[in-house]
Amino acid sequence: MRLAPALLALALAGCSLQPAITPGAGEPARQHSHPRYAPPPGGNAYWDPALGVYVLQGSSKLYYRERVYYRWDRGWSWASSPRGPWQPTDSSGVPAALGRSLGH
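Taking mature numbering (1 follows the signal peptide of the UniProt record, and there is no 0), I'd label the letters of the sequence shown as residues -20 to -1, 1 to 84.
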């Protein structure tokens, strides 16, 4: 039976406690890219998993997914280029999580 405490000590030797790491309060989750959705061409953007779209940096409320740009300006619109022309749509015309998040 002297072997049991030695085996337990050996098993626990590889264990260690680490402090929990949590992102700062209010910081959006960011990923460089998504495995299925390609980033916008030439755009400085990051993937936001909560919204399900790329967020273009430096542009107020401009988003991208699957060759379509979306923007919020007192309502939703979409375009095939970040410069437009912009076509109005409602929240059913944008990715679901994005529409729920910003389509007040």
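Just so you know, even glycine gets a beta-carbon here, dropped at the ideal spot from N, CA and C.
All values derive from a computational prediction rather than experimental measurement.
Proximity of Ser57 and Arg51 at Cβ, strictly below 8 Å: yes
Beta strand (DSSP E) segment containing Ser57, residue limits: 56 to 59
Arg54 versus Pro15: straight-line alpha-carbon distance, rounded: 31 Å
Rounded C-alpha distance that separates Glu7 from Tyr44: Low per-residue confidence applies at Glu7: pLDDT is 49, beneath 50, and the placement is therefore not dependable, though the value from the model is reported in the following sentence. Roughly 20 Å separates the two Cα atoms.
Extent of the continuous beta strand (DSSP E) to which Leu31 belongs: That residue, Leu31, is in no beta strand (DSSP E); it is neither H nor E in DSSP.
Within 8 Å, strictly: CB atoms of Pro75 and Val33: yes
DSSP state of Arg80 mapped onto helix, strand, coil: helix
C-alpha distance - Asn24 paired with Leu42, whole-angstrom precision: 11 Å
Whole-Å CB distance - Val48 paired with Ser60, under 8 Å assumed: 7 Å
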